[in-house]
Structures are given as C-alpha cells and as structure tokens.
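The numbers in the sequence shown follow this note's numbering, run straight up by one, and end at 1181.
Built from N, CA and C at the ideal position, the CB exists for glycine as well.
Predicted model, so just to flag it, every value in this text is computed and none were measured.
To start, the structure itself, in structure tokens.
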Amino acid sequence: MEPRLKARQDCGKCLINQDVYERIKGKVLTAPERVNKRGMKPCLFGKGGTCCNVCHMGPCQIIEGVEEMRGVCGATASTVAARNFCRMVAAGTATHSDHGRGIAEAFYSVVHNEAEDFEIKEKAKLRMVAHYLGLDRKKPIKELAKEVAVKALEEFGKQHGRLAFLSRAPEKRQEKWRELGVESRGVDREVVELIHRTTVGVDQDYRSLLKASIRCALADGWGGSMLATELQDILFGIPQPIKSVVNLGVLKEDMVNITVHGHEPEVAEALAIAAQLPEMIKEAQKVGAKGINLAGICCTGNEVLMRRGIPIAGSFVQQEIALATGAVEAMVVDVQCIMQNVTTVAEAYHTAIITTSDKAKIEGAIHIAFDHHKPIESAKNILREAIARFPKRDKKDVYIPKKKMDVVAGFSHETILYMLGGRFRASYKPLNKNIINGRILGVAAIVGCDNFRVKEKLHIEIAKELIANNVLVVVTGCAASAIGRDGLLSPDALDLAGESYREVLEAIGCPPVLHMGSCVDNSRILIALTEMVHTGGLGDDIDELPVVGSAPEWMSEKAIAIGNYFVGSGTTVVFGPTFPTENSKIATNYLREDFNQMFGASWRIARNASEFVSIMIDHIRKKRENLGIDKPKPRVLYDMAMRRALGAPTISPFHGLGCFGPTHLRVEPEEQTQ
Ligand code: XCC
C-alpha cells in the first residue's frame, strides 16, 4: 500500500477562501468565527446521543452504567441514544422524501397539463419507472405518465404492502428484508411510526428501536430519494458527463450573479431557462451587466451541475463567503442546508436572499413563492429582483477570488453503464471484470456534508489515498464539491491514481473520482450496486460486493438516514470524526456487530483520514477474500462455445437505464418513442 497522507494541522474550512474571510472579518460574524467565539464546546451528552429531551422532566443527561444517571423515568443510555438516532433517521427520511413528494407534485402538474414550460424528457426512463411502480409500461406515453404521477404520489401515503422500488434490489436482499420484517410500507407511515416509537414511554428497547430505524431509512433510499432522482431525471434529463468549474472564481464581475442554493432542482432549472431568454438578458444589459450568471451552492448546485454544467460557487461551508465576495445580486434558496446567517451576511452587501418555498422562509429574506404551474414566470420575477440589485453593487466591496477548478460531473448510473461497456453493450461487466482481475480493488463512496467543526480536509485526503490504492471512488453532495475544488474530478488527476486503476481510467477517459450527484442521488449508488450484483461474479447480494461508503464530515440528520439505508441495503459505512450514539457503547456496538449479523453491513467510526482509509481498504480486502478474488487468478482458457457466450450479453428492454435486474423483459423499439 502507498504511504498514508499526513493529516493537516490547520483549519481546512478557513483556508478554502481565506482571502474572502479576511475581508469580512469584523464586519459580520461568520460560522468559522462562531466556532471559535462561542466560548463553549458542543455538549458532550448531546453530541454522544445521551441527552434526553423527549419530555419536560428533563433534559436528562445520561451516563451509561451509572444507575443514578439514568433518565428521571429510568431511561438507559442505550435507549436514549437509540431514540435520538431514530429521530435523526426519521428527520433525514422526511427531508429527502418531502423533496421527492415536491417533485412528484410538479411531475403530476406537468403531465396533467396543469403546468407550463416543463415536459417529459426521458420517455424510456418513464417506462422503466412505470414498470417498477407496477404499471403496464407499454401504454401510450401520455396516459402512462399520468398513471406514474398518481402512483408515485401514492408511494408516500401507502398504508400497507411495501414500497414499489424495494423490488429493484437484488432478490436475496429483498428476502432478507422480508425475513427481518423491515420492508418499508409508505414513506409517511415509516416516518410517523418511528417518531411515535421514540416518544415518552413507547419503544424502550434499543434493539427494537434501531431495527425499526432501518425500515424507515429504507423508505428514504428506495422510496423518497429514489423517486426524487427518477422523476427529476424524467423531467429534466438523465445526467451525462459534462465539463464545468467549481469554487468562488466562477462568479463574474461584469454579470448579474445569482447563486441557487438548497436541494430541489425545479427552481434552478426554471432560472437556467429564463436566464437565457433574450428579454431577460436585455433587462440585465439595461442596468449595465453583460448578462446573467447562475452558480450553484450545495445540492441544488449539484443538480444543475449534473444536468446543465452550471458551475458550482461553493459547498455548504462556502455559502456565507459566496455572499462576502460582494458580487452576488441574489441568493435564491429552496429547502435544506441554508444557514440562517446568510441574511445577516447579505445585509452587509446589496444582496437579496430570496426564499421560494412556502416551507422554508427566513427572517430578513424576500419571499417570492415559486409557482410550479408557471415556472418560467416565477423565475422571471426572481431574476428581475436580482437584476434590480446590480446597480446597487458597491465596486469597492467586490472581491472575487481567482480560484476555480475544472471538473467533469454527470456520472449517473446509466452513464457509468455506457462509459464502461460502450454504447452498444452498455453493461457493468467491464467494471466487475476489472474488480475481479484486481485492476480495481473495489468501490468506495465519499458522500455527505462538509462541516465547520472538522479541521482536516478529510474528503480530499481520503479520496487521494483511496484512488492511489486503486479504489474507484464515487462522490455526491458537498463532499463532491470539496473534492472537485482540489482537482480530483478532472481527468488531469489521473496521475494520482494507482497504476492498475490508472490503466482502466486511461482506456475510458474519465476522472479518478466520479461525481454522481446530489444527496438524493445517493439512490443512484444503490442502483449501481444492484447492477454490479446482477452483472455477476461478485456474489448474489450487495453485502458481498467489495464496496464501502463513508461520510467523513457529516453534519446533517440526512446523512444519518443515508448511512442507515446503505447499511440496511448491505453496504458498510464509515462515519466520523464523531458519531451520534457514541456515549452508549451498547447502542453503538449494536449498530456495528448486530447490524452486521442482520444486514451483512455495519456502522463504523473513524477519527481521522488515516483511520477512514484503513477501515475502508481493510473492508474491501475482506470482501475480496470472501469472494476468493484476493489472489491473482490463473488464466482460464476459453473454447469456442465459451467465447460465443461472452459475445451474447442479455440485452435488457431498459438498456442503459439501470436496474433491469433478473427479470429480462422485452420492449419493442417503438415503445421508447411513443
Ligand atoms: Fe447539506 Fe445536500 Fe450535507 Fe451538503 S451534503 S451539507 S446535507 S447540501 Ni448531502
């Protein structure tokens, strides 16, 4: 193995755009300063999961093993830690799933001709989704789309049975879920039930609580998130590799700069269309700007980067300093991960913070409700507000750092299929083959947030070391932006890959780290893993694959929901540097050992980059050993029949659309276009 990279001593987050931070110091308090100036460290009970505040006899601080330090009601540390963990899973599931419901509602309006401007872009994908929703995929597109809209919305409120997309998982995994009784019913039902279990005097067995958390989390990964991703793809297009740029240097001095921030792509898609309209460009020119420049923040940014190549100005930790460039006319936000402080920072400049969702208003912001029946009209209103701010920009205040980095994004699981297998034989076969022959050691995901409290640049250090060790790395969320800033999403980073991995990459021509999208797009990874299982040679279930996940700087509850659905689906995940059940060894051990018994995957904790990489690589090696592919294989000599078999892959009707699984259906060519 290559030597491990040394951990940095300085604060990675402050160094990202130190020059901009210096300029607002003393003017406005920002998050990195608050971390230092708050005067107290995070509460140890709260951080480790043993502060109980589900009733008002407390909050009770619990110490495991100390009788007097159980809750007033007698709640143990393991129960309280498990409850708090469950609440995070429920919140994360609710968040992704309400995003999914929002897009399902928009989809419903579009296909029922109640909305202008958007239309179905991916008909073949619509048919695939229809099939998994239990519909007759051969119906005419317009009729089918209406049925898909209704069915998709019903998935949220379903009371019985199981979520439709669970049937996309490998057969063995589905059996496991059935046996363990963790098949999710409706998304809403799982969230409500899990919250119910955690209230005073309900479920008081950490084992029962933690097992229930899987049922809820699966409703996120294979439910709300997957529906969000699939419906977004159908409406806005399946991402394909696309070049772009990341970091604050994407802002333009001579243009009206608008950052789109949050998670749902609908508003940003409409803004992207409206910003190109000659009438809007003229309006911008009238106030002295050359045009309108859109740039993304957080996952809304990832959504429009993946599909349109719109540059990313910043990740979660850069949202305040994007405003502190003094060059942003408006920050348009939808939902999630928007720090309340953005309005305070914006007040120091000419910038408008524009909220667009009735679910997410911020004191001090302007609210322009986005009407998904009239997306472009709504977008124009937003653009006009931004354009009106341009003349108020104070040139003395403007400082746009030069730093930006080229990236290639847009690696949907469909793209990976084509990329590896070629246009006519799209398949995961080459990936599996390269894993089996050892050129690729395994696959690792680095996902989730970046975090002001984490000093190291963990994402980058972990990614560098993994690719140097021939591990294929996929990324999503703010981790992807962070890794992009350091150049690892560019084919120019090939030199950093281990020799055998580099050979594979050179043949395909892609970067060593693949950007697979936003937070909800982690569901793309579930499908890619399922494809690897179906392709063969790496076991019959996801837990047999030499793959591992990580969220090295997680901060949002959503990350816990994501981690939990990966574990429930058979992928071990490594989180850190802190973990929300740590104060209860019993609960934490259950997540590691007992979950491993049940799901073939566990939650692991790492404190620094080196620990992350050790756990991840050891895990991949262990899986390789179990599969018997840890040693170089003797050459197998093929006879004619075997060669013929190699040349006759099973072509799925949903060729290139992912997750066609073991059921090989026939689709007539005209079905693709009707
Ligand atoms: Fe939020 Fe998705 Fe985390 Fe970034 S990564 S800080 S959740 S935007 Ni999902």
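Does any heavy atom of the ligand XCC sit closer than 6 Å to the C-beta of residue i?
i, result
"GLY984", "yes"
"PHE672", "no"
"LYS1065", "yes"
"CYS806", "yes"
"GLY769", "no"
"GLY955", "yes"
"CYS844", "yes"
"PHE959", "no"
"PHE1073", "no"
"PHE823", "yes"
"CYS1026", "yes"
Write down the C-beta distance between residue i and residue j rounded to the nearest angstrom, noting that I regard them as a contact closer than 8 Å.
i, j, result
"LEU1134", "GLU1051", "7 Å"
"VAL1081", "PHE1106", "At roughly 15 Å, the Cβ-Cβ gap does not stay under 8 Å, so VAL1081 and PHE1106 are not in contact."
"ALA1108", "THR1079", "4 Å"
"ALA820", "GLY803", "6 Å"
"GLU810", "LEU734", "Not really, about 15 Å apart at Cβ, beyond 8 Å."
"GLY1024", "ALA986", "Rounded, the Cβ-Cβ distance is 11 Å, inconsistent with contact."
"PRO882", "PHE614", "No, PRO882 and PHE614 are not in contact; Cβ-Cβ is about 13 Å, not under 8 Å."
"VAL709", "ALA601", "Not quite, the Cβ-Cβ distance comes to about 18 Å (not below 8 Å), so this is no contact."
"GLU786", "ALA837", "At roughly 18 Å, the Cβ-Cβ gap does not stay under 8 Å, so GLU786 and ALA837 are not in contact."
"ILE1069", "TYR713", "So it is not a contact: roughly 21 Å between Cβ atoms."
What do you reckon, is the C-beta of residue i under 6 Å from a heavy atom of the ligand FAD?
i, result
"GLY533", "In the structure shown, the ligand FAD is absent; the only ligands present are the ligand XCC."
Comparing C-alpha positions only, which one of the options sits nearest to residue i?
i, options, result
"GLN525", "THR832, SER988, PRO1019 and PHE1119", "THR832"
"HIS770", "SER1007, GLN739 and GLY581", "GLN739"
"GLU968", "ALA1058, LEU1033, PRO937 and THR766", "ALA1058"
"VAL561", "VAL542, GLY555 and VAL587", "VAL587"
"PHE959", "THR850, GLU1013 and GLN825", "GLN825"
"GLN1104", "ILE780, LYS683 and GLY1083", "LYS683"
"HIS638", "ALA656, GLU626 and ALA622", "ALA656"
"LEU536", "GLY581, THR583 and THR850", "THR850"
"ILE943", "GLU972, SER919 and VAL978", "VAL978"
"ARG1031", "TYR1072, LYS750 and HIS563", "TYR1072"
"LYS630", "LYS910, MET912, LYS936 and GLU737", "GLU737"
"ALA584", "GLU1132, ASN1096, LYS1138 and ALA829", "ASN1096"
"LEU651", "PRO998, LYS665 and ARG634", "ARG634"
"PRO772", "HIS603, ALA719 and TYR1008", "HIS603"
"ALA779", "PRO549, PRO748 and PRO818", "PRO818"
"PRO898", "ASN848, LYS632, ALA781 and ASP761", "ASP761"
"VAL573", "SER1091, ILE1112 and LYS1129", "SER1091"
"LYS534", "ASP901, LEU670 and ALA855", "ALA855"
"GLY599", "VAL579, LEU725, MET912 and VAL636", "LEU725"
"LYS532", "LEU551, ILE765, GLY553 and ILE828", "ILE828"
So, residue i versus residue j, is the Cβ gap smaller than 7 Å?
i, j, result
"GLY1075", "ILE721", "yes"
"VAL842", "SER864", "yes"
"PHE877", "VAL752", "no"
"ARG896", "HIS857", "yes"
"THR705", "ARG577", "no"
"LYS866", "HIS874", "no"
"LEU716", "GLU690", "no"
"ILE1127", "GLY949", "yes"
"VAL1055", "LEU996", "no"
"LEU640", "LYS653", "no"
"ILE894", "GLU790", "yes"
"GLY744", "LYS628", "yes"
"LEU758", "ILE907", "yes"
"VAL582", "CYS559", "Note on identity: in this sequence residue 582 is Ala, with Val being the wrong assignment. Cβ distance < 7 Å, so ALA582 and CYS559 count as in contact."
"HIS880", "ALA622", "yes"
"GLY808", "LYS910", "no"
"ASN976", "GLY994", "no"
"MET1039", "LEU1045", "yes"
"ALA834", "VAL905", "yes"
"ILE749", "GLY917", "yes"
Only counting runs of 3 or more residues, tell me where the beta strand (DSSP E) segments fall wholly within the stretch 858–911, in order along the chain.
-> Runs found: 859–862.
Pick out the complete alpha helix (DSSP H) segments inside the stretch 988–1044, 4 residues or longer, and give them in chain order.
-> Within the stretch 988–1044, the complete alpha helix (DSSP H) runs of at least 4 residues are 1006–1015 and 1029–1042.
Which full runs of the alpha helix (DSSP H) of 4+ residues lie inside the stretch 1093–1118, going along the chain?
-> Listed in chain order, they are 1102–1106.
In chain order, which continuous runs of the alpha helix (DSSP H) of length 4 or greater are located wholly inside the stretch 628–653?
-> Every alpha helix (DSSP H) stretch that sits fully inside the stretch 628–653 and reaches 4 residues is listed by chain position as 630–639.
Start-end ranges of the alpha helix (DSSP H) lying completely within the stretch 1038–1088, minimum 4 residues | Taking only runs of at least 4 residues, the alpha helix (DSSP H) segments lying wholly in the stretch 1038–1088 are 1064–1076.
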